[in-house]
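Just so you know, our numbering puts the end of the sequence shown at 509, numbered straight through with nothing missing. Glycine is no exception: its CB is placed at the ideal position from the N, C-alpha and C atoms.
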Amino acid sequence: MSGSKKIKNALISVYYKDNLEPVIHQLNALGVKIFSTGGTQEFIENLGVAVTPVESLTSYPSILGGRVKTLHPKIFGGILSRRELQSDIAQLEEYQIPEIDLVIVDLYPFEETVASGAEEQAIIEKIDIGGISLIRAAAKNFKDVIIVPSKNEYTFLHDTILVAQKGESTLADRKKLAGKAFNVSSHYDTAIFNYFNGNDVVAFKQSVQNANVLRYGENPHQRGVFYGNLDEMFTKHNGKELSYNNLLDVDAAVNLIAEFTDTTFAILKHNNACGLASREKLVDAYKDALAGDPTSAFGGVLITNKEIDLATAEEMNKLFFEVIIAPSYDAKAIELLKSKPNRIILQQKKVKLSDKSFRTLLNGVIEQDKDQKTETIADMQTVTKTAPTKDELRDMVFANKLVKHTKSNTIILAKNNQLLASGVGQTSRVDALKQAIIKAESFGFDLKGSVMASDAFFPFPDCVEIAHKAGITAVIQPGGSIKDKDSIAYCDNNGLSMVMTGTRHFKH
2 MSGSKKIKNA
12 LISVYYKDNL
22 EPVIHQLNAL
32 GVKIFSTGGT
42 QEFIENLGVA
52 VTPVESLTSY
62 PSILGGRVKT
72 LHPKIFGGIL
82 SRRELQSDIA
92 QLEEYQIPEI
102 DLVIVDLYPF
112 EETVASGAEE
122 QAIIEKIDIG
132 GISLIRAAAK
142 NFKDVIIVPS
152 KNEYTFLHDT
162 ILVAQKGEST
172 LADRKKLAGK
182 AFNVSSHYDT
192 AIFNYFNGND
202 VVAFKQSVQN
212 ANVLRYGENP
222 HQRGVFYGNL
232 DEMFTKHNGK
242 ELSYNNLLDV
252 DAAVNLIAEF
262 TDTTFAILKH
272 NNACGLASRE
282 KLVDAYKDAL
292 AGDPTSAFGG
302 VLITNKEIDL
312 ATAEEMNKLF
322 FEVIIAPSYD
332 AKAIELLKSK
342 PNRIILQQKK
352 VKLSDKSFRT
362 LLNGVIEQDK
372 DQKTETIADM
382 QTVTKTAPTK
392 DELRDMVFAN
402 KLVKHTKSNT
412 IILAKNNQLL
422 ASGVGQTSRV
432 DALKQAIIKA
442 ESFGFDLKGS
452 VMASDAFFPF
462 PDCVEIAHKA
472 GITAVIQPGG
482 SIKDKDSIAY
492 CDNNGLSMVM
502 TGTRHFKH
């Protein structure tokens with residue numbers, strides 16, 4: 002084997018001992034001398050395997066409540082010594098320092114401690130000092146030393162290096178593990194920085210450990226990778242792997258459905274809802290969501306906030322769609338939905354999502370708080386002589402939830418907790434409204450008595466005039482235009498009600 006090195010001495014200092022036992026027994030079988038300290042030393046001794054305390058090597062006890070154990074020249078000299086450099090070897094002999102060929106570390110769980118809501122002092126004590134130093138030292142000297150930087154690599158160490166290769170590592174093995182080691186250390190330091198940084202704007206640092214290579218990106222000629230752990234968020238019951246475009250739609254769907262507590266069904270295409278309805282029965286919510294745009298629903302992403310029953314599944318099964326997301330499924334319903342082998346069936350788990358969003362832009366990254374403001378009736382100020390009815394207020398709340406999840410410029414038309422049509426991603430608000438009206442009428446909807454929601458203010462009264470002529474009777478918008486009074490005057494002269502929220506919901 003190229004650059005082969007035999008393990009003679011190993012240093013083990015880990016937090017999690019899961020799956021460590023077979024590693025210990027195999028090292029012992031290979032005659033490897035093991036150094037350890039603290040809880041790891043006790044774990045090894047309880048396995049009946051000989052272990053040399055680090056303290057007997059350093060002639061120095063663990064001090065400061067365990068804060069200082071392995072930070073000593075006799076440890077780091079044995080790790081960092083360059084075996085091909087005679088001067089290094091001579092110094093090892095002079096100071097009686099053994100060469101350490103294998104370092105196994107699993108760091109204190111800093112991120113888990115922060116996530117648990119622990120007090121600051123408990124969090125600070127979970128900042129690993131000795132472990133991170135051991136990882137960096139062993140990774141730096143990968144030409145001679147194997148670094149196992151986390152419990153995730155125990156199996157590779159055991160099965161490949163200790164068993165298959167009988168305790169010998171190749172240069173390629175060691176370099177591969179060194180790369181993983183610096184991934185672990187940089188991720189760990191990023192988590193610590195972000196904890197201390199809080200909301201201060203100092204630097205942009207994000208680190209995600211899991212990488213999933215996708216079939217391709219937005220188009221087949223583009224490479225695509227998802228960084229994250231989808232298993233934490235979904236249980237996948239059926240279907241092919243999620244594509245880049247699937248993931249974009251799934252993200253949009255999850256964010257949209259989170260707005261609703263009533264039984265609601267949504268259908269999305271290209272990140273925008275083409276169907277949405279809230280009803281007492283889920284099957285009715287699905288049927289009315291589909292009615293909003295049965296053409297665009299083909300090949301779409303479906304999501305609901307309630308368990309999918311058999312009656313709803315039977316209706317859904319008539320449509321070709323890519324993905325369905327729900328919190329749970331009736332046993333008969335999921336069996337029916339599985340009848341299409343490529344259909345992706347996801348069961349959503351309760352996971353706290355980030356309250357930030359960011360993306361690359363020019364030669365940097367742009368970050369913002371997510372738009373988490375959802376207006377209620379209490380946030381609506383009636384600015385017209387005619388006040389909205391109870392039903393119109395309900396539909397305004399419904400439409401305004403949707404407008405903030407639709408690409409700007411956008412207009413949403415809704416009635417009876419149902420999306421009638423939307424104008425999406427237009428360069429003018431008038432065009433967005435005209436698009437929505439044409440679409441609603443093409444699917445047979447009567448716009449009389451419907452409400453119109455806008456993501457931003459109306460710069461001119463033309464939109465309320467067009468809406469009025471189409472039968473729309475109530476309007477919700479942020480307000481803020483220097484010509485708000487013109488739109489209000491038109492509404493007053495024609496019996497429309499209008500409310501303003503004071504909050505714009507651009508989405509680009």
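Proximity below 8 Å, CB of residue i to CB of residue j
{"i": "residue 290", "j": "residue 269", "result": "no"}
{"i": "residue 55", "j": "residue 46", "result": "no"}
{"i": "residue 228", "j": "residue 209", "result": "yes"}
{"i": "residue 136", "j": "residue 182", "result": "yes"}
{"i": "residue 371", "j": "residue 273", "result": "no"}
{"i": "residue 226", "j": "residue 324", "result": "no"}
{"i": "residue 10", "j": "residue 102", "result": "yes"}
{"i": "residue 432", "j": "residue 472", "result": "no"}
{"i": "residue 381", "j": "residue 502", "result": "yes"}
{"i": "residue 304", "j": "residue 267", "result": "yes"}
{"i": "residue 6", "j": "residue 154", "result": "no"}
{"i": "residue 418", "j": "residue 444", "result": "no"}
{"i": "residue 283", "j": "residue 319", "result": "no"}
{"i": "residue 395", "j": "residue 412", "result": "no"}
{"i": "residue 467", "j": "residue 385", "result": "no"}
6 Å CB neighbourhood of residue i in its chain, flanking five on each side removed
{"i": "residue 475", "result": "389, 393, 452, 498"}
{"i": "residue 109", "result": "16, 127, 129"}
{"i": "residue 487", "result": "462"}
{"i": "residue 176", "result": "143"}
{"i": "residue 397", "result": "452, 477"}
{"i": "residue 440", "result": "422"}
{"i": "residue 328", "result": "349"}
{"i": "residue 480", "result": "458, 501"}
{"i": "residue 99", "result": "10, 79"}
{"i": "residue 8", "result": "33, 102, 103, 168"}
Nearest residue (CA-CA) to residue i, options the options
{"i": "residue 1", "options": "186, 193, 437, 387", "result": "Here the chain comprises residues numbered 2 to 509, so residue 1 is not present and cannot be evaluated."}
{"i": "residue 113", "options": "383, 333, 126, 284", "result": "126"}
{"i": "residue 376", "options": "401, 384, 364", "result": "401"}
{"i": "residue 71", "options": "194, 88, 12", "result": "12"}
{"i": "residue 434", "options": "419, 347, 86, 463", "result": "463"}
{"i": "residue 345", "options": "335, 354, 152", "result": "335"}
{"i": "residue 142", "options": "178, 250, 165", "result": "178"}
{"i": "residue 507", "options": "386, 426, 264, 102", "result": "426"}
{"i": "residue 189", "options": "387, 132, 230, 174", "result": "132"}
{"i": "residue 491", "options": "504, 459, 479, 502", "result": "459"}
{"i": "residue 373", "options": "43, 355, 218", "result": "355"}
{"i": "residue 406", "options": "90, 102, 276, 329", "result": "276"}
{"i": "residue 403", "options": "61, 357, 456", "result": "456"}
{"i": "residue 95", "options": "85, 74, 284, 115", "result": "74"}
{"i": "residue 331", "options": "248, 321, 315", "result": "315"}
{"i": "residue 341", "options": "327, 329, 322", "result": "322"}
{"i": "residue 185", "options": "196, 173, 166, 211", "result": "211"}
{"i": "residue 420", "options": "298, 391, 292", "result": "292"}
{"i": "residue 484", "options": "470, 496, 465", "result": "465"}
{"i": "residue 58", "options": "65, 151, 333, 38", "result": "38"}
{"i": "residue 387", "options": "300, 454, 494", "result": "494"}
Rounded distance between the beta-carbons of residue j and residue i, thought under 8 Å
{"i": "residue 339", "j": "residue 239", "result": "5 Å"}
{"i": "residue 14", "j": "residue 106", "result": "6 Å"}
{"i": "residue 261", "j": "residue 348", "result": "No, residue 261 and residue 348 are not in contact; Cβ-Cβ is about 18 Å, not under 8 Å."}
{"i": "residue 80", "j": "residue 116", "result": "With a Cβ gap of about 31 Å, residue 80 and residue 116 do not count as contacting."}
{"i": "residue 149", "j": "residue 163", "result": "With 8 Å as the limit, residue 149 and residue 163 do not qualify as a contact, their Cβ atoms being about 11 Å apart."}
{"i": "residue 352", "j": "residue 359", "result": "Wrong, their Cβ atoms sit about 19 Å apart, outside the cutoff."}
{"i": "residue 111", "j": "residue 35", "result": "The Cβ separation is near 26 Å, so there is no contact."}
Own chain, CB closer than 7 Å to residue i, minus 5 neighbours either side, in chain order
{"i": "residue 244", "result": "215, 216"}
For residue i, the three-state DSSP class (helix, strand or coil)
{"i": "residue 51", "result": "coil"}
{"i": "residue 360", "result": "strand"}
{"i": "residue 187", "result": "helix"}
{"i": "residue 234", "result": "coil"}
{"i": "residue 374", "result": "coil"}
{"i": "residue 12", "result": "strand"}
{"i": "residue 347", "result": "strand"}
{"i": "residue 445", "result": "coil"}
{"i": "residue 201", "result": "coil"}
{"i": "residue 317", "result": "helix"}
{"i": "residue 279", "result": "strand"}
{"i": "residue 131", "result": "helix"}
{"i": "residue 422", "result": "strand"}
{"i": "residue 209", "result": "coil"}
{"i": "residue 18", "result": "coil"}
Contacting residues, own chain, Cβ-Cβ under 8 Å from residue i (five flanking each side not counted)
{"i": "residue 156", "result": "20"}
{"i": "residue 379", "result": "none"}
{"i": "residue 369", "result": "357, 358, 359"}
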